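Chemist: Below is one structure. I have some questions about it.
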Amino acid sequence: MPVSRDLGPMAPPRTPFWTRSRIRSALIQVGFVALLALLIQFLLANTMANLDRQGIASGFGFLENRAGFDIAIRFSPFERNDTYLQALWTAVANTVVLAVLGIGLASLIGLVIGLARVSPNWLISRLAAVYIEIFRNIPLLLQLFFWYFAILRPLPGPRQSIEIGGGAFLSNRGLYLPKPLLDSGAQLTLVAFATGLIFALTMAHFARRHRAATGHSRPVLQWWIIGLVALPLATWFATNASMALSVPALEGFNFQGGMVILPEMLAALLGLSFYIAAAVGEIVRAGIEGVDHGQTEAAQALGHSRGQIMRLVVIPQALRIIIPPLTTQYQSLAKNTSLASAIAFPEIISIVAGTTMTQTGQALETIALAMAFYLTVSLLIAAIMNFFNWRVTRRSF
Numbered sequence: 004m005p006v007s008r009d010l011g012p013m014a015p016p017r018t019p020f021w022t023r024s025r026i027r028s029a030l031i032q033v034g035f036v037a038l039l040a041l042l043i044q045f046l047l048a049n050t051m052a053n054l055d056r057q058g059i060a061s062g063f064g065f066l067e068n069r070a071g072f073d074i075a076i077r078f079s080p081f082e083r084n085d086t087y088l089q090a091l092w093t094a095v096a097n098t099v100v101l102a103v104l105g106i107g108l109a110s111l112i113g114l115v116i117g118l119a120r121v122s123p124n125w126l127i128s129r130l131a132a133v134y135i136e137i138f139r140n141i142p143l144l145l146q147l148f149f150w151y152f153a154i155l156r157p158l159p160g161p162r163q164s165i166e167i168g169g170g171a172f173l174s175n176r177g178l179y180l181p182k183p184l185l186d187s188g189a190q191l192t193l194v195a196f197a198t199g200l201i202f203a204l205t206m207a208h209f210a211r212r213h214r215a216a217t218g219h220s221r222p223v224l225q226w227w228i229i230g231l232v233a234l235p236l237a238t239w240f241a242t243n244a245s246m247a248l249s250v251p252a253l254e255g256f257n258f259q260g261g262m263v264i265l266p267e268m269l270a271a272l273l274g275l276s277f278y279i280a281a282a283v284g285e286i287v288r289a290g291i292e293g294v295d296h297g298q299t300e301a302a303q304a305l306g307h308s309r310g311q312i313m314r315l316v317v318i319p320q321a322l323r324i325i326i327p328p329l330t331t332q333y334q335s336l337a338k339n340t341s342l343a344s345a346i347a348f349p350e351i352i353s354i355v356a357g358t359t360m361t362q363t364g365q366a367l368e369t370i371a372l373a374m375a376f377y378l379t380v381s382l383l384i385a386a387i388m389n390f391f392n393w394r395v396t397r398r399s400f
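Shown next, in the form of structure tokens:
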């Protein structure tokens with residue numbers, strides 16, 4: 004009679020190691036990276052071969068050569084006999100100034116438009132909605148052309164210029180403004196004012212932390228007086244500072260004195276700001292409407308005015324919703340400064356990827372420099388806005 008044996012549980016069959024999920028995933032990733040490296044190597048080799056065939060030397064040595072061209076609008080020193088590297092820094096300065104001013108102006112206009120969109124006044128709300136729909140749905144390049152060719156260029160000449168007031172004049176040659184003339188003592192006073200502002204903000208920050216930890220408030224008014232009044236005044240008198248104002252005046256066929264914002268700069272600034280402000284206004288509206296209406300009703304029950312409710316209750320909470328999409332709009336404005344080359348504003352594309360590339364033939368290098376600049380600016384804006392977002396989200400309301 005046969006005897007049955009209990010062999011215990013059967014061991015699962017062994018699978019080949021390349022079919023295991025983790026190993027299979029790692030092999031796929033390694034294969035993808037290898038293919039990507041081969042593709043990059045092929046593109047670089049092909050590019051270098053084409054450059055050699057055309058007799059174009061690769062590298063960034065051309066940056067030390069003489070540029071030989073002028074830059075009409077510049078926020079850093081540059082002359083015709085300077086190098087391409089100095090032209091690059093001038094283009095960077097122009098682009099950064101345009102982006103910073105555009106972000107500031109777009110934020111201000113967008114905040115006003117966003118508040119108008121949620122206004123209980125029907126007319127104000129509808130006008131804000133019309134503004135948003137017009138400027139958001141017309142291409143930015145067309146808006147730049149509108150500001151430059153349809154608004155600023157047809158203005159009268161200097162002799163028939165439009166007097167805005169306060170010594171400012173607007174003509175087809177630009178916006179002429181008074182220019183402050185500061186000596187070394189006045190410049191040190193500005194440094195002292197900035198230092199005092201940082202000091203006062205720091206002391207106010209420590210006072211807020213102390214109140215959050217203990218429930219007791221510390222006076223901060225004296226720190227603001229010391230930082231913004233006492234320290235600048237002491238520096239002014241200690242250095243015997245002086246300041247004058249250069250006011251533009253018509254002499255002959257043009258204005259002399261003061262400072263001028265050329266039409267190219269003004270059109271680029273207005274076009275970028277009004278275009279991005281439409282998106283910012285919608286972001287502000289969405290952030291305000293995203294705050295629980297019970298917060299507003301509670302503030303009204305406590306007797307706060309509408310302005311106090313908006314400033315102390317709604318806006319601080321709406322920032323959590325506003326900041327993330329606002330980051331994208333700021334990055335978009337910085338990158339869209341490249342379109343200003345269409346109206347002859349000398350930014351990074353016009354100077355580096357335009358004039359410099361045409362004169363040197365270094366297409367790969369100049370385009371790489373422009374790409375690196377925009378990548379750096381976008382990452383910097385993202386880092387700054389992420390920091391503000393972190394500061395806002397860690398607060399408890």
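The number in the numbering used here is simply the position in the sequence shown, starting from 1, with 3 added.
For each residue, glycine too, the CB sits at the ideal point set by N, CA and C.
Since this is a predicted model, take the numbers as computed values, not measurements.
1) Any idea what DSSP makes of GLN89, helix, strand or coil?
2) Measuring straight from C-alpha to C-alpha, what distance separates PHE240 and LEU234?
3) Under a three-way DSSP split, which group does GLU300 fall into?
4) Whole beta strand (DSSP E) runs in the segment 121–206 with 3 or more residues, listed along the chain?
5) Judging by CA-CA distance, which residue of ALA153, LEU173, ILE154 and TRP150 is the nearest neighbour of PRO161?
6) Among all the DSSP beta bridges, which residues are the ones paired with ALA40?
7) By the DSSP assignment, the alpha helix (DSSP H) with PHE376 in it spans what residues?
8) Answer yes if the segment 294–304 comes into contact with the segment 237–255, meaning at least three C-beta pairs across the two stretches below 8 Å, and no otherwise.
9) When you compare only the Cα positions, how much space is there between LEU46 and MET360?
10) Taking only runs that begin and end inside the segment 218–302, name each unbroken beta strand (DSSP E) of 3 or more residues, in chain order.
11) Spatial neighbours of TYR377 within its chain, please: CB distance less than 6 Å, with the 5 preceding and 5 following residues excluded, ordered by chain position.
12) Could you tell me which residues DSSP pairs with ARG69 in its beta bridges?
13) Along the alpha helix (DSSP H) that carries PRO80, what are the first and last residues, could you check?
14) Measuring from the CB of ILE318, is there a heavy atom of the ligand FMN at a distance below 7 Å?
15) Kindly indicate which residue of VAL287, PRO181 and ILE318 has the alpha-carbon position closest to the one of ILE264.
16) Measuring alpha carbon to alpha carbon, tell me which residue in PHE78, GLN89 and ASP73 is nearest GLU67.
17) Going by DSSP in three states, PRO349 sits in which element: helix, strand or coil?
18) Please report the distance separating the alpha-carbon of ALA282 from that of SER276.
19) Measure from the alpha carbon of MET206 to the alpha carbon of each residue in PRO222, VAL194 and THR192, then state which is nearest.
20) Measure from the alpha carbon of LEU193 to the alpha carbon of each residue in PRO266, SER28, ARG214 and GLY230, then state which is nearest.
21) Can you tell me whether DSSP reads SER61 as helix, strand or coil?
22) Check for me: the alpha helix (DSSP H) holding ALA321 runs from which residue to which?
23) By the 10 Å Cβ neighbour count, where 16 or more other Cβ atoms means buried, how is MET4 classified, buried or exposed?
24) Flag this pair as yes or no: are the beta carbons of ARG120 and GLY284 separated by less than 8 Å?
25) Compute the Euclidean distance between the alpha carbons of GLY62 and ALA366, then round it to the nearest angstrom.
26) Helix, strand or coil: which one does DSSP assign to SER28?
27) Just to confirm before moving on: does the CB-CB distance between LEU30 and THR340 stay below 8 Å?
28) Please report the straight-line C-alpha distance between ALA75 and PHE391, rounded to a whole angstrom.
29) Relative to the C-alpha of GLY58, which residue among ARG394, GLY364 and THR93 is closest?
30) Is there contact here, the segment 284–294 with the segment 319–333, by at least three beta-carbon pairs under 8 Å?
31) Look at ILE354 and TYR151 and say whether their C-beta atoms are less than 8 Å apart.
32) I believe GLY177 touches LEU269 by the beta-carbon criterion, under 8 Å. Please report the beta-carbon distance rounded to the nearest angstrom.
33) Taking 8 Å as the cut-off, decide whether the C-beta atoms of ALA386 and ILE116 are in contact.
Modeler: On the basis of the data shown:
1) helix
2) Annotation: PHE240 to LEU234 spans about 10 Å, alpha carbon to alpha carbon.
3) helix
4) If we require 3 residues or more, the beta strand (DSSP E) runs fully inside the segment 121–206 come out as 165–168, 171–174, 177–180 and 182–185.
5) LEU173
6) DSSP lists no partner for ALA40.
7) It spans 366–396 - the alpha helix (DSSP H) in which PHE376 sits, taken as one unbroken run.
8) Taking 8 Å as the limit for Cβ pairs, the verdict is that the segment 294–304 does not touch the segment 237–255.
9) Looking at the backbone, the Cα of LEU46 and that of MET360 are separated by about 20 Å.
10) Within the segment 218–302, the complete beta strand (DSSP E) runs of at least 3 residues are 246–249, 252–254, 257–259 and 262–264.
11) Closer than 6 Å at the Cβ level, and outside the excluded window around TYR377, lie LYS338.
12) Bridge partners of ARG69: THR86.
13) PRO80 -> no alpha helix (DSSP H), and no H or E assigned at all.
14) Here there are no bound small molecules, and the ligand FMN is not part of this structure.
15) PRO181
16) That would be GLN89, whose Cα lies nearest to the Cα of GLU67.
17) In the structure shown, PRO349 adopts coil according to DSSP, grouped into three states.
18) 10 Å
19) When each option's Cα is compared against that of MET206, the closest is PRO222.
20) GLY230
21) Residue state, collapsed to three classes: coil.
22) 318–339
23) Low confidence applies to MET4: its pLDDT is 49, below 50, so where it sits in the model is not reliable, and the reading given next is rough at best. That one is exposed.
24) yes
25) 11 Å
26) helix
27) no
28) Answer to the nearest angstrom: the Cα atoms are 36 Å apart.
29) GLY364
30) Counting C-beta pairs closer than 8 Å gives three or more between the segment 284–294 and the segment 319–333, which meets the contact rule.
31) no
32) 7 Å
33) Going by C-beta atoms, ALA386 is not nearer than 8 Å to ILE116.
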